[in-house]
Amino acid sequence: MEQTTLEVTGMSCDGCETNVTETLEALEGVSSATANHEADEVRVEHDEGADVGALQGAIEDAGYEVVA
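For the sequence shown, counting from 1, position 34 maps to 57 in the working numbering; every step adds exactly one.
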């Protein structure tokens with residue numbers, strides 16, 4: 024397992040955290056995700072070699088912004 028931490032803006036409440044978490048956990052290779060709107064942070068545990076771009080794309084498709 025590998026862990027990736029992403030800075031994500033646009034989350035403003037617990038519902039946003041749930042939305043991002045469920046979006047990421049639906050992706051193949053992701054075992055868990057934890058979002059924190061107060062820290063603008065998402066931590067994702069995933070298979071080694073997973074496409075981080077796909078994680079970022081899923082977050083952005085859900086309506087949030089990943090800070091580079």
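Note that the Cβ used here is the ideal one computed from N, Cα and C, for glycine as well.
Could you compute how far the alpha carbon of GLN79 sits from the alpha carbon of VAL89? 6 Å
With a CB to CB cut of under 7 Å and the five nearest residues on each side skipped, what residues in its chain are close to ALA81? THR46, LEU47 and LEU50
What three-state label does DSSP hand ALA58 in the structure shown? strand
If you draw a straight line from the alpha carbon of GLU99 to that of CYS36, how long is it in whole angstroms? Any question about residue 99 goes unanswered here, given that the chain covers just 24 to 91.
GLU40 and ASN59 closer than 8 Å at C-beta: yes
From what residue to what residue does the beta strand (DSSP E) around LEU29 run? 25–32
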